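Chemist: Mapping the sequence shown onto full-length UniProt numbering, position 104 (from 1) lands on 104, and the numbers just tick up by one.
The beta carbon of each residue, even a glycine, is placed where N, CA and C say it ideally should be.
Quantities reported herein were computed from a predicted structural model and do not represent experimental measurements.
Sharing a structure below in structure tokens format, with a few things to ask.
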Amino acid sequence: MNLDGGKLNAPDGSMEAARKSVDNINQKLGGKKKLDLLTKFLIKKAKFKHVGFSEWLLDIELNAILSTYEELRIPIVAYSPSRLGLLTGKVKSLDGLGTNDMRRHFGGFLPENFHHNMKLTEKNYIISQEEGCASVQLTWAWIPNQSKCMIPIPGSTRSEGVQETLDVLKVKLSDQDVHEIRRFGDMAGIKG
1 MNLDGGKLNA PDGSMEAARK SVDNINQKLG GKKKLDLLTK FLIKKAKFKH VGFSEWLLDI
61 ELNAILSTYE ELRIPIVAYS PSRLGLLTGK VKSLDGLGTN DMRRHFGGFL PENFHHNMKL
121 TEKNYIISQE EGCASVQLTW AWIPNQSKCM IPIPGSTRSE GVQETLDVLK VKLSDQDVHE
181 IRRFGDMAGI KG
């Protein structure tokens, strides 16, 4: 609820909002290209070409989704691989987020979850220092090691961020690193 009469700055996952967003994107693409990944109902309406699965949590391993997607060679796009900046190491506390920061509406940033999730962020930072890379680069390098069909989709609006993304290609994780990150993540769990 927004009491000052301004636009509510919160996620809207409604069907109407999805259609409006896709129409807006396709209009900006000017017919030169269509969206690559989204959901099946919009493919039928010829809004874009392919279906994918976007997931951040690894629950998909427990209910056969991952094995089915691997078998059918369907890409799993690791949406927001930095967990909306949480795994970059740059978000140290909720006080660092502006009062209108959209992340405050997401489960991982709710006070009762944020402090728990910071344990994984801190461990991620320690390992990244050992590897000589940025915390977020460690995350991006780790994701493809979970499945051959998992693809991280990092993004940035800053030129330094684009370079940081490209530099992840230099990060080579050992099997031990991959296992240690996974083991700690499984033990700590992610909330929200």
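Can you name, in chain order, every residue of its own chain whose Cβ lies under 7 Å from the Cβ of MET150, other than the five neighbours on each side?
Modeler: Taking the sequence shown and counting its residues from 1, one reaches residue 150 at position 150. Same-chain partners within the cutoff: ILE76, ALA78, ILE143, PRO144.
Chemist: Between LEU110, ASN63, LEU66, which lies nearest to LEU86 when the distance is taken from Cα to Cα?
Modeler: Here residue 86 refers to the residue found at position 86 of the sequence shown. For LEU86, the nearest C-alpha among the options comes from LEU110.
Chemist: Can you give the Cα-Cα distance for THR88 and GLN176, rounded to whole angstroms?
Modeler: Counting from one through the sequence shown, the residue named residue 88 turns up at place 88. Counting from one through the sequence shown, the residue named residue 176 turns up at place 176. Taking the straight line from one Cα to the other gives about 22 Å.
Chemist: For ALA134, which three-state DSSP category applies?
Modeler: Within the sequence shown, the letter at position 134 stands for residue 134. Correct three-state label for ALA134: coil.
Chemist: Is it buried or exposed for ASN124, if we count other Cβ within 10 angstroms and need 16 for buried?
Modeler: Indexing the sequence shown from 1 puts residue 124 at position 124. Buried, because 16 or more other Cβ atoms sit within 10 Å of the Cβ of ASN124.
Chemist: Here's a check: name, in chain order, each residue in its chain whose Cβ is nearer than 6 Å to the Cβ of GLU30, leaving out the five neighbours to either side.
Modeler: Against the sequence shown, residue 30 aligns to sequence position 30. The sequence shown places Gly at residue 30, rather than the Glu named in the question. Excluding sequence neighbours, GLY30 sits near nothing in its chain.
Chemist: Between MET118, ILE60, ALA188, which has its C-alpha nearest LEU84's C-alpha?
Modeler: The residue labelled residue 84 in the question sits at position 84 within the sequence shown. With distances taken between Cα atoms, LEU84 lies closest to MET118.
Chemist: Pull up the distance between the alpha-carbon of PHE114 and that of ASP101, whole angstroms please.
Modeler: Residue mapping note: residue 114 aligns to position 114 of the sequence shown, counting from 1. Residue mapping note: residue 101 aligns to position 101 of the sequence shown, counting from 1. Rounded to the nearest angstrom, the two C-alpha atoms are 15 Å apart.
Chemist: Given a cut-off of 8 Å on the beta-carbon distance, is the pair GLU61 and LYS148 in contact?
Modeler: For the purposes of this step, residue 61 is taken as the residue at position 61 of the sequence shown. For the purposes of this step, residue 148 is taken as the residue at position 148 of the sequence shown. In this structure, LYS148 does not lie closer than 8 Å to GLU61 by Cβ.
Chemist: Given a threshold of 16 other Cβ atoms within 10 Å of its Cβ, counted over all protein chains shown, does SER159 qualify as buried or as exposed?
Modeler: Here residue 159 corresponds to residue number 159 of the sequence shown, with the count starting at 1. SER159 should be labelled exposed.
Chemist: Going by the beta-carbon positions, is the gap between GLU164 and ALA134 smaller than 8 Å?
Modeler: One-based indexing of the sequence shown puts residue 164 at position 164. One-based indexing of the sequence shown puts residue 134 at position 134. Result yes, Cβ atoms of GLU164 and ALA134 sit closer than 8 Å.
Chemist: Nearest to THR139 by CA position, among HIS116, ASP167, GLU112, is which residue?
Modeler: Indexing the sequence shown from 1 puts residue 139 at position 139. Selected option, being the one with the closest Cα: ASP167.
Chemist: If you count every other CB in all the chains shown that lies within 10 Å of the CB of ALA141, and 16 or more means buried, which is it?
Modeler: Here residue 141 refers to the residue found at position 141 when the sequence shown is read from its first residue. Result: buried.
Chemist: Expressed to the nearest angstrom, what Euclidean distance is found between the alpha-carbon atoms of ILE126 and ASN63?
Modeler: Indexing the sequence shown from 1 puts residue 126 at position 126. Indexing the sequence shown from 1 puts residue 63 at position 63. One C-alpha to the other measures close to 31 Å.
Chemist: Report all residues from its chain with a CB closer than 6 Å to the CB of VAL91; omit the five preceding and five following residues, and keep chain order.
Modeler: As a first step, residue 91 is located in the sequence shown; it is residue number 91 there, counting from the start. For VAL91, where only same-chain residues beyond five positions count, the Cβ hits under 6 Å are GLY85.
Chemist: If we ignore side chains and look at the alpha-carbon of each, how far apart do THR157 and VAL136 end up?
Modeler: Mapped onto the sequence shown, residue 157 falls at position 157. Mapped onto the sequence shown, residue 136 falls at position 136. Whole-angstrom Cα-Cα distance: 15 Å.
Chemist: Excluding five sequence neighbours on each side, which residues of the same chain lie with their C-beta closer than 8 Å to the C-beta of ASP4?
Modeler: Taking the sequence shown and counting its residues from 1, one reaches residue 4 at position 4. Low local confidence applies: a pLDDT of 47 at ASP4 is under 50, so the model's placement there is unreliable, with the coordinate-based value given in what follows. If we look at ASP4 and ignore the five residues flanking it on each side, it has no Cβ neighbours.
Chemist: Exposed or buried, which one is LEU120 when buried takes at least 16 other CB atoms within 10 Å?
Modeler: Numbered from its first residue, the sequence shown carries residue 120 at position 120. It is buried - the Cβ of LEU120 has at least 16 other Cβ atoms within 10 Å.
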